[in-house]
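Protein chains in written order, with my numbering: chain X, 10 to 305; chain P, 10 to 305; chain Y, 10 to 305.
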Amino acid sequence: MSIADAGGPGSLPSQTNVAPALAAAFETLRVRQEGAVLFAEIAAPPMNLLGPPLVRDLVSLIQQAETDESLKVLVFRSADPDYFIPHVDVTKIKEYREEAAKLVGEPSIGLLFRHLSASRLVSIAQIEGRVRAAGSEFVLACDMRFAARGSAIFSQPEPAFGLVPGGGGAQHLVRLMGRARALEVMLSAQDYDAELAERYGWINRALPASALGDFVKSLAHRIAKFPASGLIAVKKRANAIALAPVEDFRRDSDLFGKGSSKPEPQRRFADALKRGFQTRAGEMDLARLLGELDDN
Amino acid sequence: MSIADAGGPGSLPSQTNVAPALAAAFETLRVRQEGAVLFAEIAAPPMNLLGPPLVRDLVSLIQQAETDESLKVLVFRSADPDYFIPHVDVTKIKEYREEAAKLVGEPSIGLLFRHLSASRLVSIAQIEGRVRAAGSEFVLACDMRFAARGSAIFSQPEPAFGLVPGGGGAQHLVRLMGRARALEVMLSAQDYDAELAERYGWINRALPASALGDFVKSLAHRIAKFPASGLIAVKKRANAIALAPVEDFRRDSDLFGKGSSKPEPQRRFADALKRGFQTRAGEMDLARLLGELDDN
Amino acid sequence: MSIADAGGPGSLPSQTNVAPALAAAFETLRVRQEGAVLFAEIAAPPMNLLGPPLVRDLVSLIQQAETDESLKVLVFRSADPDYFIPHVDVTKIKEYREEAAKLVGEPSIGLLFRHLSASRLVSIAQIEGRVRAAGSEFVLACDMRFAARGSAIFSQPEPAFGLVPGGGGAQHLVRLMGRARALEVMLSAQDYDAELAERYGWINRALPASALGDFVKSLAHRIAKFPASGLIAVKKRANAIALAPVEDFRRDSDLFGKGSSKPEPQRRFADALKRGFQTRAGEMDLARLLGELDDN
Numbered sequence: 010m011s012i013a014d015a016g017g018p019g020s021l022p023s024q025t026n027v028a029p030a031l032a033a034a035f036e037t038l039r040v041r042q043e044g045a046v047l048f049a050e051i052a053a054p055p056m057n058l059l060g061p062p063l064v065r066d067l068v069s070l071i072q073q074a075e076t077d078e079s080l081k082v083l084v085f086r087s088a089d090p091d092y093f094i095p096h097v098d099v100t101k102i103k104e105y106r107e108e109a110a111k112l113v114g115e116p117s118i119g120l121l122f123r124h125l126s127a128s129r130l131v132s133i134a135q136i137e138g139r140v141r142a143a144g145s146e147f148v149l150a151c152d153m154r155f156a157a158r159g160s161a162i163f164s165q166p167e168p169a170f171g172l173v174p175g176g177g178g179a180q181h182l183v184r185l186m187g188r189a190r191a192l193e194v195m196l197s198a199q200d201y202d203a204e205l206a207e208r209y210g211w212i213n214r215a216l217p218a219s220a221l222g223d224f225v226k227s228l229a230h231r232i233a234k235f236p237a238s239g240l241i242a243v244k245k246r247a248n249a250i251a252l253a254p255v256e257d258f259r260r261d262s263d264l265f266g267k268g269s270s271k272p273e274p275q276r277r278f279a280d281a282l283k284r285g286f287q288t289r290a291g292e293m294d295l296a297r298l299l300g301e302l303d304d305n
Numbered sequence: 010m011s012i013a014d015a016g017g018p019g020s021l022p023s024q025t026n027v028a029p030a031l032a033a034a035f036e037t038l039r040v041r042q043e044g045a046v047l048f049a050e051i052a053a054p055p056m057n058l059l060g061p062p063l064v065r066d067l068v069s070l071i072q073q074a075e076t077d078e079s080l081k082v083l084v085f086r087s088a089d090p091d092y093f094i095p096h097v098d099v100t101k102i103k104e105y106r107e108e109a110a111k112l113v114g115e116p117s118i119g120l121l122f123r124h125l126s127a128s129r130l131v132s133i134a135q136i137e138g139r140v141r142a143a144g145s146e147f148v149l150a151c152d153m154r155f156a157a158r159g160s161a162i163f164s165q166p167e168p169a170f171g172l173v174p175g176g177g178g179a180q181h182l183v184r185l186m187g188r189a190r191a192l193e194v195m196l197s198a199q200d201y202d203a204e205l206a207e208r209y210g211w212i213n214r215a216l217p218a219s220a221l222g223d224f225v226k227s228l229a230h231r232i233a234k235f236p237a238s239g240l241i242a243v244k245k246r247a248n249a250i251a252l253a254p255v256e257d258f259r260r261d262s263d264l265f266g267k268g269s270s271k272p273e274p275q276r277r278f279a280d281a282l283k284r285g286f287q288t289r290a291g292e293m294d295l296a297r298l299l300g301e302l303d304d305n
Numbered sequence: 010m011s012i013a014d015a016g017g018p019g020s021l022p023s024q025t026n027v028a029p030a031l032a033a034a035f036e037t038l039r040v041r042q043e044g045a046v047l048f049a050e051i052a053a054p055p056m057n058l059l060g061p062p063l064v065r066d067l068v069s070l071i072q073q074a075e076t077d078e079s080l081k082v083l084v085f086r087s088a089d090p091d092y093f094i095p096h097v098d099v100t101k102i103k104e105y106r107e108e109a110a111k112l113v114g115e116p117s118i119g120l121l122f123r124h125l126s127a128s129r130l131v132s133i134a135q136i137e138g139r140v141r142a143a144g145s146e147f148v149l150a151c152d153m154r155f156a157a158r159g160s161a162i163f164s165q166p167e168p169a170f171g172l173v174p175g176g177g178g179a180q181h182l183v184r185l186m187g188r189a190r191a192l193e194v195m196l197s198a199q200d201y202d203a204e205l206a207e208r209y210g211w212i213n214r215a216l217p218a219s220a221l222g223d224f225v226k227s228l229a230h231r232i233a234k235f236p237a238s239g240l241i242a243v244k245k246r247a248n249a250i251a252l253a254p255v256e257d258f259r260r261d262s263d264l265f266g267k268g269s270s271k272p273e274p275q276r277r278f279a280d281a282l283k284r285g286f287q288t289r290a291g292e293m294d295l296a297r298l299l300g301e302l303d304d305n
């Protein structure tokens, strides 16, 4: 089966080049190639939690796309209008981290995400719905991110559980929006809409939901027309300035990994799960849920 | 006397936890504790100049609050609607610096302010009125800052006297708003309103004056519900990225301290004082006053 | 001939101090001194390309202005309402680079621009018309930049030719607007208007075209009234934080210089020239032209 066929309802065979090297079917991704652009739609019901299957598929997608010389640009979007990636599955931390290790040699999604930032491929996140915690960190790892007004919601709420962001959130947010706004975002564990996320520099731009898809598609194809050598060289120069060192990603990853098994975060995870955490309904207004967690 | 009683008209005994460790009365601060949040209102008439009494009280407040395990968040606001902190008392530079040395071991308010940024406590500035020079540097040292539209005014005007900001202003502004805007702000010695301060990243957000107090109170209490361990860990990670090293604060502090006793700054201080500098009326439009200083 | 006389129609002898040290006439610059402010208007018909004559004049201007103790502030503007500086003359890369070497000892306009940023002089760009590629890099090297709404257009499009920006564009843009927006700007090779350039931090502020000239003039004269010692000291402190090291400018310059002679960029330059590149008409909508370049 080709990558063109691996997709769901969104695939457009007439515009599609078959990429034999990208022939794997994915459990949680619908992929479609148009020229040098690969569109990957996240479809991991019921709410696109970043658990072992989605991490396994992201590893596989990145590995295959990087070795496919016909590809220059990766676009990520969601099949679920309410959830892009809400966060990791907190009941399977050990398992999803082991999936990440298959690409980066260490059980760390922070290092997996950093691998994407350092990749020769240009990555663009087209955001509708909620990106919180590792979801925020995934889009922060993409080279660019554009979000739908009235739909996209952003949060980096690990401190509500007594934890630091483990996937590079602090590294990106502090560099993008400065110390004060990054501390506000993380320490408040609040939800931010697309407009405020744009003002804070969390995303490149907030766009009308009706225009977002065409904007991203057009941008992706434009970039894909330019020589690969220049794209790669510019990414290298930008990363040398603004992509945090591996050691910092590893340190955050370790702090989250070790911290998450301690009594206080475990107690708060359990309390949250009782209140609807990791359910579609319960996370529509996660900020409120987090504010109601028992603080004793 | 308890900290609850040390406050002025704003104290609300019914919501207040008495904190025996914070029992000192302050000459220039009205403090009130609500749960894990300590509200400190600056009340140093006639205009909240940062002179020896206010520095002494800030040192004392920070020392006591840091050792009080019941506290997580400090909120600073002003009892004076026109002045939050206008700047240091330029007639008492040696004296206020010596007060700072009692906490940080060196006569430098830059190092005092940096101590606050590095503290385990989360600090929030609720800004109405003027924050200029060291006033700006104090709110920049807070972890977050929110300002009232139509009321708050910002300035970092030391170059008008031939000096660099001595309390970390350059360190924070360049990192928050980039080289060009930080140079504009400092070299122009102009006043900036809350909207422009927000666009430049000087503050987290500008809010309607009527909404500011409730917003900050709600944010402070929300953060205070989260585990201390996470708040501390996130601050550490953010500071490792974006808080300038001690040596840079010390260097700026030395440049200001040595520079301020030289003939040109002394002459310009004297000229400014004759024109109303360090008076409530004279500093309502300080930007104009600075533009009129004799440039010979 | 004095610098006052070297100017064109914009010179105002009645307000002008003659500066004997700045006596050179320029081929592509009209200069006028008002007190401690030197206004330099770029007038290099037909479209202000950065070729050998303009680089030679900029070298000469900077050299002379730096040694003239009566000057504190340099203001750059354009005599052409459509073009400030569009980019380098790609048919004379070797030649213009050799002009830069006369000031900085190495054939690199990146190092020339960095010299301006590190100069004791405060530089302000007043931008109407197009600043693309090296034009963008020139205004990024100025200490501040203000642009006319509805007129100014920004672009950093070297990747459309398979190249990295050679004059420090990546160094400045990544630090000013963060990794994601800088990558978008460079990899898309798109045009950005003044409003979006302001939101992204590319410029200090977008102003109504009718107000821009007075705003910049007033700001320049205000800064020029302040003691030189403070201006210099503040620039030094800001540069220590946010001006990229010489090695990084040199590296970008080398990547551009060596890259530009390779087959793929040469082929794309040739294709672009056939389509109107380096002509007034052809570059009114350069973004479209770049998107139409043959990608084989």
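Positions of the beta carbon are idealized from the N, C-alpha and C atoms, including for glycine.
Reference residue i, options the options, closest by Cα
| i | options | result |
| --- | --- | --- |
| Y/C151 | Y/R260, Y/F35 and Y/A49 | Y/A49 |
| X/G60 | X/G44, X/A109 and X/D280 | X/A109 |
| P/E167 | P/L295, P/L112, P/A142 and P/R284 | P/A142 |
| P/V225 | P/G291, P/E146, P/L47 and P/D202 | P/L47 |
| Y/G210 | Y/S79, Y/I94 and Y/S145 | Y/S145 |
| Y/P90 | Y/A296, Y/A161, Y/L58 and Y/K103 | Y/A161 |
| X/A179 | P/K244, P/A34 and P/L112 | P/K244 |
| X/E292 | X/S164, X/S269 and X/R184 | X/S164 |
| P/S269 | P/L172, P/L240 and P/I241 | P/L172 |
Three-way DSSP call (helix, strand, coil) for residue i in this model
| i | result |
| --- | --- |
| Y/V64 | helix |
| P/R154 | strand |
| P/F235 | coil |
| X/I133 | strand |
| Y/A52 | coil |
| Y/F258 | helix |
| P/A253 | coil |
| P/R284 | coil |
| X/D263 | helix |
| X/R289 | coil |
In DSSP terms, what residue i is bridged to
| i | result |
| --- | --- |
| P/Y92 | P/R139 |
| P/R86 | P/E50 |
| P/E322 | It is not possible to answer for residue 322 of chain P, since the shown part of chain P is limited to 10 through 305. |
| Y/S164 | Y/R141 |
Heavy atom of the ligand MN within 7 Å of residue i beta-carbon
| i | result |
| --- | --- |
| Y/Y105 | In terms of ligand content, the structure shown is empty, and the ligand MN therefore cannot be addressed. |
Beta-carbon proximity of residue i to residue j, cut-off 8 Å
| i | j | result |
| --- | --- | --- |
| X/A215 | Y/A191 | no |
| X/A52 | X/L38 | yes |
| X/R188 | P/A251 | yes |
| P/A206 | P/A169 | no |
| X/V82 | X/I232 | yes |
| X/V99 | X/F235 | no |
| P/R260 | P/E204 | no |
| Y/G266 | Y/G177 | no |
| Y/L130 | Y/L80 | yes |
| X/F122 | X/I136 | no |
| Y/A229 | Y/V84 | yes |
| Y/D202 | Y/L295 | no |
Exposure of residue i, with buried meaning 16 or more beta-carbon neighbours within 10 Å
| i | result |
| --- | --- |
| Y/P254 | exposed |
| X/G114 | exposed |
| X/V183 | buried |
| X/R139 | buried |
| X/E5 | This structure cannot settle anything about residue 5 of chain X, because the visible part of chain X is limited to 10 through 305. |
| P/P95 | buried |
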